[in-house]
Structures are given as structure tokens and as C-alpha cells.
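Participant: Pasting a structure here, questions to come.
There are 2 protein chains.
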Amino acid sequence: MIHTNDQILELFEAALGQMQTPEEPELLYAPIIYSMSGGGKRLRPVLLLITTEAFGGSIEEAMPAAMAVEVFHNFTLLHDDIMDNAAVRRGKPSVFAKWGGNVALLSGDAMLITAYKHLARIAPDRLPRVMQLFNDMALEVCEGQQYDMDFETKEKVSVVEYIQMIERKTSALLSGSATIGATLAGASEDDIKKVYRFATELGLAFQLQDDMLDSYGDEALGKKIGGDILEGKQTYLMVQAMSRATNEEREILRTTHTNAALSDMEKIATVKEIYNRLDVKRATEQQIELRFERALAVLDTLSIGSEGAVRLVEFARNLMGRKK
Amino acid sequence: MIHTNDQILELFEAALGQMQTPEEPELLYAPIIYSMSGGGKRLRPVLLLITTEAFGGSIEEAMPAAMAVEVFHNFTLLHDDIMDNAAVRRGKPSVFAKWGGNVALLSGDAMLITAYKHLARIAPDRLPRVMQLFNDMALEVCEGQQYDMDFETKEKVSVVEYIQMIERKTSALLSGSATIGATLAGASEDDIKKVYRFATELGLAFQLQDDMLDSYGDEALGKKIGGDILEGKQTYLMVQAMSRATNEEREILRTTHTNAALSDMEKIATVKEIYNRLDVKRATEQQIELRFERALAVLDTLSIGSEGAVRLVEFARNLMGRKK
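Pasting the structure below:
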């Protein structure tokens, strides 16, 4: 009998609730508590724990690693908010907005170290390998963030470059979590590679869907449309459109978000009109389906019981907001 | 036969020269290379390696940990320069000044992770314990930096609080390096505790001397006098003076650095006049001697050969700029 995904989330939240953080110096540690208790879907630790159980590992033994990936994830948000000058995170003031840049910087550093403190509590014989996986994952996330910032000023971003960026920025934490979970359970190298592939493809599907919802989401569901367009961000839709556009369209795509003569609604409409003309919605949907199907296909090849496979499929569907 | 301290420094520089850093993304990794090749005295890795050899350990086995503490140290400088808005580091533009805050922030994060990447290369059976020491050291350094920033706006800082702050900000990296070196050599818990004490006291002596030289250094030796006074920084001299001052003197100490009616030279002269009157130079010298003697006294109690002890004494004297 393995746990349901909901039970795993509960177990994780319980462990998180028992996390001990020093009280002093307050400006170092209070932002960590604030950040960790700010909610979030706990996707990465849950994936780690589901994966470890699917391979016959124990939730209890993997819990320190689950804590590590969640603390690490929240660390990245803290520092990203400084770099993006972001005042709001999960509907509340960001640490950056609440305490300022220096506090967010140093607390973030302490969080990254705290992630390693959690990691150090796993079984000693697993630590060298897991630490390697964790380090590689962590550096990939930094690389992804740097490429993302580079793209803001880069003249031309290819579709391939964009996929490589989100593979680091979004997929790496999921694939790192899944492979650490499998490793802790003693999965074979072959299975670990497959799990990596599963989570990588799933992460791409997830990010591409996020990109698409920015332009084609349902406003009735509370999704605000066009934020990426107004920021002039590179998204899968934008890089696809740029690759298909005429010189004239390309110039419009490049300049619309800074065109002072247009209202926000007009900017969004202008860009979406070109998206529609170039059929990038369909291209994105196809890419999402391709990645999602690839992720699920990997699961069939793993040496795990059907119950574990069902949990991973459930996790994947849930992540994509799909009932079945 | 163990190596001389100079040989150890050479071996470390050679290992550093072979450090592999990825080329892309350039803005993530170029600042790391720039920072690591910017010189510095390599005090922490050298202390780690001297200590490990003193306890019969091997330089080669300890080298990854030596790299880890040096990369970590440089990471702290990178992020400190953001927090302090510092344009110059080791006579060259800081990463912050050269590339901007976002690059310094993210490169610093990647450096911290890189430190753990080096650490992960030590012998697997030593990794859990060494990682614990490293994590505790790293968090203490963050705590010290936070207390230091807190002190900038704190009404009254006691002498005890000041010592606790520099124990974290300056000593922790030295004591961490020394204990990791001893641990890698398989030293006893008792010896590890003593080594910790040695490096802690030495670090305090070093920082207090640094504080004193800011007010009483030899300008003929190229030491610029009064920087701390002009910045209104808490130093051992200032907290000692504040604890001995009359209300009137205290007010002068508190406000002189912001007194627009005074030139820099007048500000320095005003504060030093009170320092002289309150005899804080002698109090500081006494504290330096006390800490330095305590550090050396610990060495006599270690279970190491005389050659190793000589190297550690040499390191300590060299750190304090003393010939004998």
C-alpha cells in the first residue's frame, strides 16, 4: 500500500510545519519562515516523494530531500523577485518588497544553505550521489535564469534556444526532484534516466502550457491575459511567431510592447492578431501534447508497480490541470 | 615530511588554476572566473590544508574541501559588495560594479552551489560530517553579516555583541576551514574542538587588529586611516569607546561621521581624540594579545607532531603580520 498524492502532500506539509528555524538574527530568518509558509503547490517535494515510493523507497527517509528541494525552490523565488523587481508573490508582498533587497539577498543565501542542511540529513550512503544530482539541478536552474535574462535583450531567440532555457529554468527542478526520489529508493541507473526524461518532458509541457495560457487562457477562470505580451517577454508563442513571421510582422512583434501610441488592450490584440495569423496557438498545443505524451510514455517503461505508475500519471495530469 | 606553508599555497593555486568552469551562459560564469582569479591571500584553504596535514591527512584528499571554502569565501565577497554598494574589490572593479547587481546576485548563487560541488568530491565516508561543518559555518557567516548590517542602525552595541558578531562574520570561516581539515584527517572529536577554538580566537585577534589599524595603522605603510570612522561603522574601538564615554562624548561619537560642518580629517581627529582620552587603543591591543595568546596556547594541547604545530604557529603569526 502506497500513499495517495493527497496524503503525500499532507505528510509533507506536516514535516514542513515542524521545520525548526532560529529566531535570531530576525532579519535573516523571519523572511525564510514567511517565504516557506506562503503556500505554493509543493509540486517538487510531492513529485520526489511519489517517485521514491513508486520505486519502493520510504517517505520518511526521503523527507529531508523533499524539504531540500522545496526550500531551494523558494530560495530561487526570493532571488528572482529581486532580479525582476517583483513586489508580489503568491498574492502577498514579496520578501523583496516587504524587507528590501539586502534582506532578500542575504535571507535567500541562508535559504540555499538551509536546503543543503536538510539534504545532509539523508542516509549517509546515499548522500554523495544525491548531492551530485542536487548540485547539477541547482546550477541548471541558475543557468536557466541567466538565459532567461539574456533573452530579454537578445535580438533573435530560436525555438531550440527557448526550449533549452525552459528545460533548465522549469524542468530541471522537477527532473532533479524525481531523480533524487528514485535514487533514494535505490532505483537502477536505467530507471533513473527514464525518470529524468519523464520529468523533463512534463516540465516542458507545463511551461509551454503556462506560456499559452498567458495569451489564450480563460479570463472567466480568473486568468489575466497578456502579461507576457505587455512585458515583451520571450515565450514559446513569441519565438514561434518570430520564426514564422515576415520582416514586417517581426518588426511589429518586436516593438508593440513599447509602442506608447497603443493601450494595453490594443497591444495585446495586435500581437495576438499576428499569433492567430501565424497559427502559433496550434503549434504550441501540438508541442504541449507531444511533450506530455512523451512524458506519459516513459512511465510505461519503468520497473515499478502499477500503483506507483498511477500516482505519477495522476501527478502529471494534475500538474497540467487535466481530469483524465 | 610535511609541506611548508608556502608550498601549500602553491599547491592550492595550482589546483585552482585547473578549476573547470563552464563557458555558457557567459554572464553567469565569467564573473566566477573573474572573482576567483582576482587574487586574495587564500587564507582559509591554506589553513584547511595545513591543519589536515598536521593531523596526518593528505593535501590531495583535502583539496576539494579547500576549493570549497575558497569559493565560498569569494561568494560572500560578491554578495557583500552588492549589499555594501562597493565598487572596488582587491583594487579592481567589483563584480557588482562591472556587471551590475543582477549578475552579481545570480553568479554569487552559482558560486555558492559550486562550492558544494567541490565539497561533494571529498571521500564519501567523510562527506556527511564535513557537510554538516560546512553548512554550520556558512550559516554563521550569513548571521554575522546580518548582525553587522543590524549594527549600522542599532542604538547601542555592547562589546559582547560585537565580539559575537565578528566571531560569526570573520572567525567562522577560519574555524570551519580548520575543523574540516582536521576532520578529513580523522582527528579526534577532542582535537577538532580544540582546533575550532584555535581558529576562532585567531580570527578574533585578526579582526580586532584590522579594526585597530583603521584608526592607528601606519599611513607610511600604505594603510589608509579612518575609513571605518567616516562610515560610522561599529568597530571594537567604537563599541569600547561608547561603553566608557560620558553622555556628551557618546553623542559626539554617534554623530561626528554625519557632521557636515567637519572635513574628513576633522571627523577622524575628533573621534580619535575621544579614543585616546578613553584609552581604547590599549584596551584593543590587550584584547588582541589575549586572543592571540589563547589561540597559540590551544596549539600546545593538540595531538600533533611538532612540525605540524610549527606550521600552524607560522600561519597564525603570518596572519597577524608578525615575524615571530
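Order-wise, the sequence lines are chains A and B. Taking the numbering used here, the leading residue of the first sequence gets 1, the next gets one more, and so forth. Taking the numbering used here, the leading residue of the second sequence gets 1001, the next gets one more, and so forth. Note that CB positions come from ideal geometry on N, CA and C, so glycine has one too. Quick caveat: nothing in here was measured; it's all calculated off a predicted structure.
(1) For a contact defined as C-beta to C-beta under 7 Å, what are the partners of E1143 (chain B) on chain A?
(2) Checking contacts by CB at 8 Å: is L106 (chain A) closer than that to chain B?
(3) For the alpha helix (DSSP H) containing N135 (chain A), list its first residue and its last residue.
(4) For L139 (chain A), which residues in chain B fall below 8 Å Cβ to Cβ?
(5) Using the rule of at least 16 other Cβ atoms within 10 Å of the residue's Cβ for burial, across every protein chain shown, is R1042 (chain B) buried or exposed?
(6) Does any residue of chain B have a CB that is nearer than 8 Å to the CB of N135 (chain A)?
(7) Could you spell out where the alpha helix (DSSP H) holding V1159 (chain B) opens and where it closes?
(8) Would you check if the distance between the CB atom of Y196 (chain A) and the CB atom of S175 (chain A) is smaller than 8 Å?
(9) Are the beta-carbon atoms of Q1209 (chain B) and F1151 (chain B) separated by less than 8 Å?
(10) For a contact defined as C-beta to C-beta under 7 Å, what are the partners of D150 (chain A) on chain B?
(11) With distance defined between alpha-carbon atoms, name the residue in A:A15, A:E10 and A:L47 nearest to F315 (chain A).
(12) Kindly list the residues whose CB is nearer than 6 Å to the CB of D1228 (chain B), restricted to its own chain and excluding five residues on each side of it in sequence; keep chain order.
(13) Of all the CB atoms in chain A, is at least one closer than 8 Å to the CB of M1131 (chain B)?
(14) Around the Cβ of E167 (chain A), are there at least 16 other Cβ atoms within 10 angstroms (buried) or fewer (exposed)?
(15) Counting only the same chain and skipping the five closest in sequence on each side, list residues whose C-beta sits under 6 Å from that of A1086 (chain B).
(16) Would A110 (chain A) and L28 (chain A) qualify as a contact pair, given that the criterion is a beta-carbon distance under 8 Å?
(17) Taking the alpha helix (DSSP H) that Q1240 (chain B) falls in, what are its first and last residues?
(18) Can you list, in chain order, the residues of its chain with a C-beta nearer than 7 Å to that of R126 (chain A)? Leave out the 5 residues immediately preceding and following it.
(19) Does any residue of chain A bring its CB to less than 8 Å from the CB of H1079 (chain B)?
(20) Over the uninterrupted alpha helix (DSSP H) stretch that includes G227 (chain A), give me the two end residues.
(21) Just to confirm, is the Cβ distance from S1171 (chain B) to L1204 (chain B) under 8 Å?
(22) Identify, in the order they occur along the chain, each residue of the same chain with its Cβ nearer than 6 Å to the Cβ of M1137 (chain B), setting aside the five sequence neighbours on each side.
(23) When the cut-off is 8 Å and only beta carbons count, does Q1020 (chain B) lie next to chain A?
(24) Just the chain B side, please: which residues come within less than 7 Å of N102 (chain A) by C-beta, in chain order?
(25) With M1019 (chain B) as the anchor, note down where its alpha helix (DSSP H) starts and where it stops.
(26) Taking Q1146 (chain B) as the query, report the chain A residues whose CB atoms sit under 7 Å from its CB, ordered along the chain.
(27) What are the boundary residues of the alpha helix (DSSP H) that includes I356 (chain A)?
(28) Could you tell me the boundaries of the alpha helix (DSSP H) in which H3 (chain A) lies?
(29) Are G1040 (chain B) and R1121 (chain B) closer than 8 Å when you measure CB to CB?
(30) Please classify S1107 (chain B): is it buried, with 16 or more other beta-carbons within 10 angstroms of its beta-carbon, or exposed?
(31) Quick check on R89 (chain A): does DSSP put it in helix, strand or coil?
(32) If you drop the 5 nearest sequence neighbours on each side, which residues of the same chain put their C-beta closer than 7 Å to that of T200 (chain A)?
(33) Grab the span of the alpha helix (DSSP H) containing D279 (chain A) for me, first residue to last.
(34) Buried or exposed: which applies to M1272 (chain B), given that a residue is buried once 16 or more other Cβ atoms fall within 10 Å of its Cβ?
(35) In the DSSP assignment, find the unbroken alpha helix (DSSP H) run with M36 (chain A) in it and report its ends.
(36) Tell me whether the region 17-31 of chain A and the region 1140-1155 of chain B touch, counting them as touching only if at least three CB pairs, one residue from each stretch, are closer than 8 Å.
Facilitator: If we stick to the structure as given:
(1) P25 and L28
(2) yes
(3) L127 to T153
(4) A1110, I1113, T1114 and K1117
(5) buried
(6) yes
(7) V1159 to I1166
(8) yes
(9) no
(10) P1025 and L1027
(11) A:L47
(12) D1214 and T1235
(13) yes
(14) buried
(15) S1094
(16) yes
(17) Y1236 to R1244
(18) T183 and L184
(19) yes
(20) G227 to E231
(21) yes
(22) A1172 and G1176
(23) no
(24) M1083 and M1149
(25) Neither: M1019 (chain B) is in no alpha helix (DSSP H) and is coded neither H nor E.
(26) P25, L27, L28 and L106
(27) With chain A represented from 1 up to 324, any question about residue 356 (chain A) goes unanswered, as that position is not in the structure.
(28) Where H3 (chain A) is concerned, there is no enclosing alpha helix (DSSP H), given that its DSSP letter is neither H nor E.
(29) no
(30) buried
(31) strand
(32) E167, S171 and S175
(33) Note, D279 (chain A): premise wrong, no alpha helix (DSSP H); not H, not E.
(34) First, the residue type needs correcting, since residue 1272 (chain B) is Lys and not Met in the sequence shown. So K1272 (chain B) ends up on the buried side.
(35) E26 to M36
(36) yes
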